[in-house]
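The structure under discussion appears below in the form of structure tokens.
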Amino acid sequence: MPIYQRLYVWGDEQIRTLLDDLVNAYQRDESVFFLGGTLLVEQESREAGRHFDLIDGQQRFTTLWLLCQAWQGALAPFVTVSVDKITRPRLGFQIRPEVEEFFARLASLPGGQ
Numbered sequence: 002m003p004i005y006q007r008l009y010v011w012g013d014e015q016i017r018t019l020l021d022d023l024v025n026a027y028q029r030d031e032s033v034f035f036l037g038g039t040l041l042v043e044q045e046s047r048e049a050g051r052h053f054d055l056i057d058g059q060q061r062f063t064t065l066w067l068l069c070q071a072w073q074g075a076l077a078p079f080v081t082v083s084v085d086k087i088t089r090p091r092l093g094f095q096i097r098p099e100v101e102e103f104f105a106r107l108a109s110l111p112g113g114q
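Mapping of the sequence shown onto this note's numbering: residues 2 to 114, in sequence order.
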């Protein structure tokens, strides 16, 4: 997440609405489901390689990513990404080292002890 993004602030109501929408779409056997907009900007850096800054959709994306953590066994390939033979969490926060460490712990990566 870019440094200018607000903190994660979704509460029970927003999370339940998102989950209800997903369940309802599944129950209706919808082949297409609009989850909401997401805006990314591609960035290059020597440290992280090719990556994308999430400009819009951070609350939904973070919620879905946290659900992936809860369902880690089935969704393990989505939780991390490998860049130049280095595996790191797919979701990162530039200026919040405590959040970086938390996500690394969730993904069981070095540096997240």
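Quick reminder that beta carbons are idealized off the backbone N, C-alpha and C, glycines included.
Residues near residue i by beta carbon distance below 6 Å, same chain, minus five either side
| i | result |
| --- | --- |
| tyrosine 9 | Thr63 |
| glutamine 70 | Leu107 |
| phenylalanine 79 | Cys69 |
Residue i vs residue j beta-carbon contact at 8 Å
| i | j | result |
| --- | --- | --- |
| valine 84 | glycine 50 | yes |
| glutamine 44 | aspartate 54 | yes |
| leucine 36 | arginine 61 | yes |
Sequence-distant residues of its chain with Cβ nearer than 8 Å to residue i (five each side left out)
| i | result |
| --- | --- |
| threonine 81 | Thr88, Arg89, Pro90, Arg91, Ala108 and Leu110 |
| glutamine 59 | Met2, Gln6, Arg7 and Tyr9 |
Where residue i falls, given that 16 or more other Cβ within 10 Å makes a residue buried
| i | result |
| --- | --- |
| arginine 17 | exposed |
| glutamine 28 | exposed |
| glutamine 15 | exposed |
| phenylalanine 104 | buried |
Span of the beta strand (DSSP E) around residue i
| i | result |
| --- | --- |
| threonine 88 | 87–90 |
Whole-angstrom C-beta distance between residue j and residue i, which should lie under 8 Å
| i | j | result |
| --- | --- | --- |
| glutamate 102 | phenylalanine 94 | Going by Cβ atoms, the distance from glutamate 102 to phenylalanine 94 rounds to 10 Å, so no, they are not a contact pair. |
Opening and closing residue of the alpha helix (DSSP H) in which residue i lies
| i | result |
| --- | --- |
| glutamine 59 | 59–71 |
7 Å Cβ shell around residue i - same chain, five flanking residues per side excluded
| i | result |
| --- | --- |
| valine 42 | Phe53, Asp54 and Ile56 |
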